[in-house]
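Here is the structure we will look at.
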Amino acid sequence: MKKNQFKLIALFALTMFVLHSCDEQAILKETPLDFYSPENSYTKPEHFDLAASYIYNICRNTFYNNDSKNGYSLMAGTDYMRDGRNDGSFSIGDYRLFVPTSSQALYWWQHLYEIISCSNIIIDRIQPVEYPTEKEKKAVIAEAVFFRGFCYRGLANIYGGVPLTVHEVKTVKLDFVRATRTETYQQSANDLKFAAENLPEKKDVKNIGRVNRTAAYHFLAEVYLSLGKNDSAIWAANKVLQDPNFSIMTQRFGTRVSPTSGSGYSTSAGNSYWDLFQMKNQNSPENKEAIWVVQIEPDDGRLGTGNYKPERIFGPVYYSMKDPKGVAGFIGPTTKNGGRGAAYLGPTDYFVNGLWTSDWDNDLRNLEPNMIRDYLYDNPASTYFGKKVSENPGYVYDTKYYFYPIMSKTSQRGDEPTFLYATPADQAIGLLNASASKTYHDWYYARVAETYLIRAEAYLAKDMKPEAANDINTVRARVNAKPVSSNDVTIDYILDERLRELAYEEPRMMTLGRLGKIYDRVRLYNSGTEGTTVAPRNNLFPIPYNEIERNTGAVLEQNPGYTN
């Protein structure tokens, strides 16, 4: 645990007694009474609840916080996301430069192990603490065990086999050795299975955003796939998909079902997929698709939790384009156009075009309001006012930085918090101020649509293609997409469907990494620098050099192809 989680007050007591036959060690032993220390922490149930809350905070900030640009490195440099500025600031922009000293390699190693360490502290220290019931105590342990399994899953996906620690490390340890990848996945599976058997159901979870047993089964299904235990993967997925409390959302729901207008944007074209990403819908009791939700959305966005900015990182700089006569084409960044993008990371040509070709005009994920593919000049001073940019490209126009499609799930399109408008007049036309760029709606760690695609993968591995097609088509039917034939189901088709459904949500590197597909998919589908520099060694991340260097008591082996 970080020191700033505790109240640190210096207290030194010197007691002088001259007693016959006294126990000097007992006299000199200090037991702090007015600040938290190892001696008096973790002695009450509320201490463990605070420790668990800290883990949630680390996890959210690791995956969904822009304070570290490395948090985007599981999306960037993949088959659907490229570096928009050629500087590698938010990405692995050039795989030749992705080496053991790279910050991206260190970032995920350190943060995932930090969560594991905090989990182990809870697991080890809770044993002597009294709880009202043994079931309550076991649920606390299960929550910590869940996070340990969740993190070993992530480490195995991107690094392969890693050192396994299942107890609190209380002294300096410099002799870590790597377990095999199979052993790492097995540890994850053991943890997630224990969590699934002991966590509460979603309806019994005491706080919004805390994990439930269904989340454990969801990730357990994926880990079983990695272990080649396909029957077990299907069994775990069934625990999710056969639960009457969970289902894929096929009907409109939530805060923006009724057609409304405001800030220059109408919601009348919405659909159930679009509803998944609207403000306050992620935790709505109506939403049966949400398995585990990242808590980002605050009551007041100025007091927001986290600093997640997909609107800014992924969105194009459309508002800087000029019309064909050189006049400013836009009044500025507006909510109706998806906010205030800065184009640090842009989509690959494959994500923009090839991914959707077979069903371009049917798949709702590729159409308004889910996909923003074009913009209308909105500056009244322009003679091109109201005309499409695509048909009237002007000055400062390119498809890498200024003009490219973006899925509207990355913003609060038409529903920005009021403080992001400088004046009521600006709000009426949707003109955002310089503070805009953050995403305020909650995000998903996992939802039911992905569970269907996980089970489809397991069915495919068992050569049960009709069953795999049925699961894929359940996801596609929700968005009016044409059903896939069982003969066309391949692992690459499933990876494509995951992109169509889960773009900007899943940590794509983890998915491609567990399948050994980083090299193949990036080389084939990323036409940027990433696609020309990726190498087979990049199917695994390098083990961070400083972790190898400090491990002086044993050899912490590097992954093949990397030089320390």
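First residue of the sequence shown: 127, per the numbering used here; consecutive thereafter.
Cβ atoms here follow ideal geometry from the backbone N, Cα and C, with glycine treated the same way.
Owing to the predicted nature of the structure, the values given are computational and were not obtained by experimental measurement.
Those residues which DSSP pairs with I498 across a bridge: I532
With 16 other CB atoms within 10 Å as the buried threshold, where does E348 fall? buried
Reduced DSSP secondary structure (H/G/I, E/B, other) of M207: strand
Does P411 come out as helix, strand or coil in the three-state DSSP assignment? coil
Give me whichever residues DSSP pairs with N191 in a beta bridge. N433
Thinking just about the alpha-carbon of each residue, which of R438, H293, V453 and A395 is nearest to the one in T460? R438
Would you call the region 178-186 and the region 600-619 touching, i.e. three or more CB-CB distances under 8 Å? no
Under the three-state DSSP convention, the category S147 falls into: Reliability fails at S147, whose pLDDT of 34 lies under 50, so the model's placement of it is uncertain and no value is given.
Same chain, Cβ closer than 6 Å to Y445, five either side skipped, listed in chain order: F456, G458 and P459
Taking DSSP's pairing of strands, which residues face P473 in a bridge? M207
Paired residues, beta bridge with Y257 - DSSP: None; Y257 has no bridge partner.
Please report the straight-line C-alpha distance between K367 and H344, rounded to a whole angstrom. According to the sequence shown, residue 367 is Leu rather than Lys. Straight-line Cα distance between these residues: approximately 9 Å.
Does the beta-carbon distance from R539 to G472 come in below 8 Å? no
For G679, does the count of other Cβ atoms within 10 angstroms reach 16, so buried, or fall short, so exposed? exposed
For V693, the three-state DSSP class (helix, strand or coil): Absent from the model: residue 693. The displayed extent of the chain is 127 to 690, so no value can be given.
Going by Cα to Cα distance, which pick from P171, Y168, S228 and D175 is closest to Y688? S228
Helix, strand or coil for W400, going by three-state DSSP, please let me know. helix
Taking the C-alpha atoms as reference points, what is the distance between K513 and Y221? 40 Å
Mapping DSSP to helix, strand and coil, what is I153? Residue confidence for I153 is low, a pLDDT of 36 falling below 50, so the modelled location carries little weight and cannot support an answer.
Write down every uninterrupted run of the beta strand (DSSP E) in the region 209-280 whose length is 3 residues or greater and which is fully enclosed by it, in chain order. none
Let me know the secondary structure DSSP gives Y630 once reduced to three states. coil
Three-way DSSP call (helix, strand, coil) for Y168 in this model: coil
Who are R573's beta bridge partners in DSSP? A416
Tell me whether L346 sits in a helix, a strand or coil according to DSSP, three-state version. helix
For A562, which residues in the same chain have their Cβ closer than 7 Å to its Cβ, ignoring the five residues on either side in sequence? P459, G465, R466, E542 and L546
Whose CA, out of D330, V295 and G642, lies closest to the CA of I242? V295
Residues in the same chain with beta-carbon distance under 6 Å from S215, minus the five sequence neighbours each way, listed in chain order, please. K195
Determine the direct distance from the alpha carbon of N183 to that of L325, and round the result to whole angstroms. 19 Å
List the endpoints of the continuous alpha helix (DSSP H) containing N559. Taken as a continuous stretch (DSSP letters only), N559 belongs to no alpha helix (DSSP H), as it is neither H nor E.
Could you tell me the distance, in whole angstroms, from the CA atom of D568 to the CA atom of K406? 7 Å
Could you check the C-alpha separation between F511 and K448 for me, to the nearest Å? 11 Å
Where A680 sits in the DSSP three-state scheme: coil
Buried or exposed: S387, going by 16 or more other Cβ atoms within 10 Å of its Cβ? Caution applies to S387, whose pLDDT of 47 falls short of 50 and renders its modelled position unreliable; the value that the coordinates give is listed next. Exposed is the call here.
I need the straight-line Cα distance from L621 to G335, nearest angstrom please. 28 Å
Whole-angstrom distance between S516 and A359, CA atom to CA atom: 45 Å
What would DSSP say about A305, mapped onto helix, strand or coil? coil
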